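Colleague:
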Ligand SMILES: NC(=O)c1ccc[n+]([C@@H]2O[C@H](COP(=O)([O-])OP(=O)(O)OC[C@H]3O[C@@H](n4cnc5c(N)ncnc54)[C@H](O)[C@@H]3O)[C@@H](O)[C@H]2O)c1
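Residue numbers (our numbering): 1 to 278.
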């Protein structure tokens, strides 16, 4: 489905991003695997290559202002062109709004709103220039798009996630704006808003002992046991499909929006929630 296409996925060392990278690889794309942590990025790229696909790992932080351009250059050097950008990298740093620090607020806006903006600006020439050339030659447009990862926390708000909800709703506004700005070149931009996906972001904090280092500070990942218990209580009543999604099921939503089958879909927010909140 993605033969001769190059896809860049941020935060693809684990979780939903890694699952999406593997599916894109299976479906014929050349995959550029970014992650903050080099080792899991290399592992994802290696797994794609082992399965007969093409991939490179480009570790680095999406919040480093110089990184987006370096990432695009690395992708173009390796595979010649870029067709799809998936802004997936992220984490949560929860706190009630009346106790939230400026640092906590800013870090989450940096990764969920500013980084996608800089990535999209950096990928612009790689998507727009070939599309412009096709337009001038009167040729049909190739499949080029951006997929931004949002969340039901952004669409509906969520207790303890004022910073995250703001970033994840911000990226929806960005998505719709890019759809309007680049649509005349056939370049699509959609968002995928996930509900409850089983990754280290939704597992129990006290049990899994996962952390991310941001600005020299260690932020513990996951959710408190009592919140997880609330998520799992009466799950069949809250989620029509009755369970959390696997990372692969979540990644399916990203691949769907990136695929040529979605070529007339732009500016859309696809909720991948098992029906939660309908
Ligand atoms: N898990 C859920 O239920 C859920 C729900 C809604 C939205 N999301 C979103 O889905 C996306 C993927 O999350 P996940 O659940 O797979 O989590 P995850 O922790 O399994 O994977 C996220 C990856 O992003 C990487 N990352 C974090 N900051 C980065 C940075 N600055 N630069 C580069 N890479 C960075 C991490 O190292 C990690 O490998 C995130 O944007 C998250 O907010 C997840």
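Glycine residues also receive a C-beta, built at the ideal position from the N, C-alpha and C atoms. What you are looking at is a predicted structure, and each value in this text was computed from that prediction instead of being measured.
Would you kindly work out how many angstroms separate the C-alpha atoms of residue 100 and residue 160, rounded to a whole number?
Modeller: 9 Å
Colleague: List the whole-angstrom C-beta distance separating residue 48 from residue 55, where the pair is believed to meet the contact cut-off of C-beta under 8 Å.
Modeller: 4 Å
Colleague: Have a look at residue 84 and residue 10 and give me their C-alpha separation to the nearest angstrom.
Modeller: 11 Å
Colleague: Can you give the beta carbon distance from residue 144 to residue 187, rounded, assuming they're within the 8 Å contact cut?
Modeller: Under the criterion of beta carbons closer than 8 Å, residue 144 and residue 187 qualify as touching, at roughly 5 Å.
Colleague: Have a look at 18, 12, 26 and flag the residue whose alpha-carbon is nearest the alpha-carbon of residue 4.
Modeller: 26
Colleague: What is the C-beta distance between residue 154 and residue 165, in whole angstroms, given that I count them as a contact (C-beta under 8 Å)?
Modeller: 5 Å
Colleague: Which whole runs of the alpha helix (DSSP H) in the stretch 11-95 are 4 residues long or more, in chain order?
Modeller: 15-26, 38-50, 67-79
Colleague: For residue 109 versus residue 192, is the C-beta distance shorter than 9 Å?
Modeller: no
Colleague: Could you check where the alpha helix (DSSP H) with residue 163 kicks off and where it finishes?
Modeller: 162-182
Colleague: Let's test the definition: count the other Cβ atoms within 10 Å of the Cβ of residue 174 and tell me whether it reaches 16, buried, or not, exposed.
Modeller: buried
Colleague: Pick from 62, 74, 19: whose alpha carbon is nearest that of residue 43?
Modeller: 19
Colleague: Does residue 209 come out as helix, strand or coil in the three-state DSSP assignment?
Modeller: coil
Colleague: Taking 8 Å as the cut-off, does the CB of residue 180 come closer than this to any heavy atom belonging to ligand 1?
Modeller: no
Colleague: Is the closest heavy atom of ligand 1 to the C-beta of residue 111 under 8 Å?
Modeller: yes
Colleague: For residue 247, which option in 225, 195, 152 has the closest C-alpha, if you only look at C-alpha atoms?
Modeller: 195
Colleague: Between residue 253 and the rest of its own chain, which residues show a CB-CB distance below 6 Å, the 5 nearest in sequence each way excluded?
Modeller: 192, 270, 272
Colleague: Using CA atoms only, rank isn't needed, just tell me which of 146, 67, 80, 63 is closest to residue 281.
Modeller: For residue 281 there is no data in the structure shown, the boundaries of the chain being 1 and 278.
Colleague: Given a cut-off of 9 Å, decide if residue 69 and residue 30 are closer than it, judged by their beta-carbon atoms.
Modeller: no
Colleague: Is the stretch 224-234 in contact with the stretch 126-146, if contact means three or more CB pairs nearer than 8 Å?
Modeller: With a cut-off of 8 Å, the stretch 126-146 and the stretch 224-234 do not count as touching, because too few Cβ pairs lie within range.
Colleague: Do you know whose CA, among 82, 117, 59, 274, lies nearest residue 249's CA?
Modeller: 274
Colleague: Measure the Cβ-Cβ separation of residue 86 and residue 172 and say whether it is below 9 Å.
Modeller: Contact check for residue 86 against residue 172 fails: the beta carbons are separated by 9 Å or more.
Colleague: What separation, rounded to the nearest whole angstrom, lies between the Cα atoms of residue 32 and residue 218?
Modeller: 27 Å
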